[in-house]
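Numbering (our numbering), first residue to last: 72 to 717. Note that the Cβ used here is the ideal one computed from N, Cα and C, for glycine as well. One structure below.
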């Protein structure tokens, strides 16, 4: 199918990348579009409608991003149909889970890339970078095809000569210009086209000069029908020793020059021409893309040296490299931090080359300016994140191990080596289950496959040292993407002391249970017998001591109950909080039968206590004070309620 409709859009809007997302994730498409200002993401949930949009030409897409799981048609079916009609269109298949079989099938079917969809910033950045690279590669490939097409369809004659000047290739315009068919030109010597009375005496000198770089001139050529024509022609050497001969009738030379100027005007990158014959090598031409890149108009630029784009943060070494190349009349490529008219910074990939006239004198310097800010920003972010992760990795107090989804260890930190007694070289390449005696390969793989993306998961395991001793561990595991590969990072902590404390608590609780059993049975049973006997004694005799004995037995029963509560609910009893004594006292006073008694609180004391236990204590104290207090003639220390000493 003819896809030439892509060419005008790509040349006129080189900064834009049109992406068609085939799937149901609107949030995914919006997130992808935010990753690059260049991206325009179109979404289509219906795969058949998506195919119609690709064929329809309403938009020329640079890349298709397609979900694997789709209604009606699967992602691989969409890929097959796209490849049948658009074999060069970049196509990225995304899946929810990592599946090597699907990935291999997708690549075999012609997918540009296979990507696992994950909801985190790093994965979206990586996907955006892959889409951007795929689109640029496709554009470059199309540009090469267009270049070959341009040569084939050029109005100028173009021939490729070997080192001896024999024609190896001739385009259609060459055959037309020389009045021959293309097959008839191949194998002929270049000099055979030139009349004997013109260039033949100096043919070898011309070829020699051309091999040194370039020769151009004007002369007559003899056509196949014997007619002579006046042409402007040029011989230029290539890197492999071949020569490229171009020729055009003299009466079309001005038109050809005009086409070259139009080509520069419409080029997809910034182009500058400077005149080294004038003072300070001023700018004499800029194209539209340069003004769009820098924010300056042509009138603001012409006559100035290119250094006006530099600023305080521009690298002086890179500037010196440019100046040296200009002084030596050489080509150079470098990267500069430049400034737009509004003061914003941008990274500029600058390529400068001299342009020579027919006599080998420099006419102009041509400069190509390409905005590479997105790439530099991504590289800086990558360097920064890498440095932080490396510092955390090496200086973490925890043991850190990085492994693949098949358990193979890729990296460990120094703390891991020290604790286990191995060198880094000895640990790298082992599997995690060689170090963890509690793990099983199949269960581990199944567990890793079910982990939530980008969320740490905690579990317990064990590690075995080189000397055979083991210790319990707490592991925090997270899956990360490193250089396009899904790896697992485990942060491991020795919990031997914690396990020892837990064992001690279990033993302590068992002792408390035994104590509670003794109190409940061995003390309470005799106490109940004593209470029963006291009731019988009260029926037989009348003594003031009986009430005292009864209160003492009740107190013993209360103490036993309190001990049992403490034994069974010890953790709750140890729940210590800050308690305002005045507020709690007033609450407790309302919970007991106080009769006509009153409570006076004269304290702002705040205690660290268990609120429930303290409340029980105060209620008991108030109850006892009310029951045993009086308003008689006893001393203040005997009369708690009346004198407010509670």
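Exercise. When we look at the beta-carbon of residue 183 and count the other beta-carbons within 10 Å, is it buried (16 or more) or exposed?
Worked result: Its Cβ being crowded by 16 or more others within 10 Å, residue 183 is buried.
For this session: Determine, using beta-carbon pairs with one atom in the stretch 467-478 and one in the stretch 544-564, whether at least three such pairs fall under 8 Å.
Result: In the pairwise beta carbon analysis, the stretch 467-478 is classified as touching the stretch 544-564: at least three pairs are separated by under 8 Å.
Problem set entry | Sub-8 Å separation of residue 679 and residue 631 beta-carbons | The answer is no: Cβ separation not under 8 Å.
Problem set entry | residue 343 versus residue 358: straight-line alpha-carbon distance, rounded | Straight across, the Cα-Cα distance linking residue 343 with residue 358 is about 7 Å.
For this session: Select from 393, 235, 362 the residue whose C-alpha is nearest the C-alpha of residue 412.
Result: Checking every option, the nearest Cα to that of residue 412 belongs to 362.
Problem set entry | Any 3 or more C-beta pairs closer than 8 Å across the stretch 428-437 and the stretch 510-525 | Contact between the stretch 428-437 and the stretch 510-525 is absent, because fewer than three Cβ pairs lie under 8 Å.
Exercise. Around the C-beta of residue 160, are 16 or more other C-beta atoms found within 10 angstroms, so that it is buried, or is it exposed?
Worked result: The residue in question, residue 160, is buried, as its Cβ has 16 or more Cβ neighbours within 10 Å.
For this session: Compute the Euclidean distance between the alpha carbons of residue 281 and residue 302, then round it to the nearest angstrom.
Result: It is roughly 17 Å from the alpha-carbon of residue 281 to the alpha-carbon of residue 302.
For this session: Answer yes if the stretch 474-487 comes into contact with the stretch 570-584, meaning at least three C-beta pairs across the two stretches below 8 Å, and no otherwise.
Result: No: fewer than three Cβ pairs fall under 8 Å.
Problem set entry | Touch test, the stretch 91-100 against the stretch 112-129, Cβ-Cβ under 8 Å, three pairs minimum | Flag = yes, the stretch 91-100 and the stretch 112-129 touch.
Problem set entry | Buried versus exposed, by CB contacts within 10 Å (16 or more), residue 264 | With 16 or more Cβ atoms within 10 Å of its Cβ, residue 264 is classed as buried.
For this session: Using 10 angstroms around the beta-carbon of residue 672, count the other beta-carbons present and answer buried if the total reaches 16, otherwise exposed.
Result: Of the other Cβ atoms in all chains shown, fewer than 16 fall within 10 Å of the Cβ of residue 672; this residue is therefore exposed.
Exercise. If you draw a straight line from the alpha carbon of residue 353 to that of residue 202, how long is it in whole angstroms?
Worked result: C-alpha separation (whole angstroms): 39 Å.
Exercise. Of the residues 384, 367, 373, 229, which one's Cα is nearest the Cα of residue 314?
Worked result: Considering only alpha carbons, the answer is 229.
Exercise. Name the DSSP beta bridge partners of residue 543, please?
Worked result: Within the DSSP secondary-structure output, residue 543 pairs in a beta bridge with 533.
Exercise. Excluding five sequence neighbours on each side, which residues of the same chain lie with their C-beta closer than 6 Å to the C-beta of residue 185?
Worked result: Leaving aside the five residues that flank residue 185 on each side, the residues in its chain whose CB is nearer than 6 Å to its CB run, in chain order, 164, 174, 177.
Exercise. Cα separation between residue 533 and residue 510?
Worked result: Each residue's Cα considered, the two are about 8 Å apart.
Exercise. So what's residue 410 in DSSP terms, helix, strand or just coil?
Worked result: Correct three-state label for residue 410: strand.
Problem set entry | N-terminal and C-terminal residue of the alpha helix (DSSP H) that residue 610 is part of | DSSP places residue 610 in the uninterrupted alpha helix (DSSP H) bounded by 595-611.
Problem set entry | Within 8 Å, strictly: CB atoms of residue 132 and residue 200 | Not closer than 8 Å, so no.
Exercise. For the alpha helix (DSSP H) that residue 99 lies in, which residues bound it at each end?
Worked result: Unbroken alpha helix (DSSP H) run through residue 99: 97-106.
Exercise. Between residue 167 and the rest of its own chain, which residues show a CB-CB distance below 8 Å, the 5 nearest in sequence each way excluded?
Worked result: In its chain, beyond the 5 residues on either side, 139, 140, 187, 188 have a beta carbon closer than 8 Å to the beta carbon of residue 167.
For this session: Mind reading off the beta-carbon distance from residue 635 to residue 587? Whole number of angstroms is fine, and I expect it under 8 Å.
Result: Yes, they are in contact, since the Cβ atoms of residue 635 and residue 587 sit about 5 Å apart, within 8 Å.
For this session: Would you please state the rounded distance, in angstroms, between the beta carbons of residue 257 and residue 241? I believe it to be under 8 Å.
Result: The beta-carbon distance between residue 257 and residue 241, rounded to whole angstroms, is 6 Å. This is short enough to meet the 8 Å contact definition.
Exercise. When you compare each of 87, 121, 108 to residue 95 by their alpha carbons, which one comes out closest?
Worked result: Put simply, of 87, 121, 108 the residue whose alpha carbon is nearest the alpha carbon of residue 95 is 121.
For this session: Kindly list the residues whose CB is nearer than 7 Å to the CB of residue 627, restricted to its own chain and excluding five residues on each side of it in sequence; keep chain order.
Result: Around residue 627: 598.
Exercise. Is the stretch 680-696 touching the stretch 650-663 in the sense that three or more CB pairs, one from each, lie closer than 8 Å?
Worked result: Flag = yes, the stretch 650-663 and the stretch 680-696 touch.
Problem set entry | Own chain partners of residue 223 with C-beta closer than 8 Å, once the 5 adjacent residues on each side are dropped | Apart from sequence neighbours up to five positions away, the residues of its chain that approach residue 223 with a beta-carbon distance below 8 Å are 242, 243, ordered along the chain.
Problem set entry | Under the three-state DSSP convention, the category residue 440 falls into | Strand.
Exercise. With a CB to CB cut of under 6 Å and the five nearest residues on each side skipped, what residues in its chain are close to residue 355?
Worked result: Here residue 355 has 344, 346 as same chain residues with Cβ atoms under 6 Å from its own Cβ, once five neighbours each way along the sequence are excluded.
Problem set entry | residue 671 in three-state terms, based on DSSP | Reduced to three states, the DSSP call for residue 671 is coil.
Exercise. Is the number of C-beta pairs between the stretch 285-303 and the stretch 212-220 that are closer than 8 Å three or more?
Worked result: No, because fewer than three Cβ pairs between the stretch 285-303 and the stretch 212-220 fall closer than 8 Å, the two stretches do not touch.
For this session: Please confirm whether residue 124 and residue 91 have their CB atoms less than 8 Å apart.
Result: For residue 124 and residue 91, yes; Cβs fall inside 8 Å.
Problem set entry | Beta-bridge partners of residue 425, as assigned by DSSP | According to DSSP, residue 425 bridges with 436.
Problem set entry | For residue 356, the residue or residues it bridges with in DSSP | As computed with DSSP, residue 356 is found in a beta bridge with 344.
Exercise. Taking residue 553 as the reference, which of 198, 414, 279, 491 has the closest Cα?
Worked result: Measuring from the Cα of residue 553, the nearest candidate turns out to be 198.
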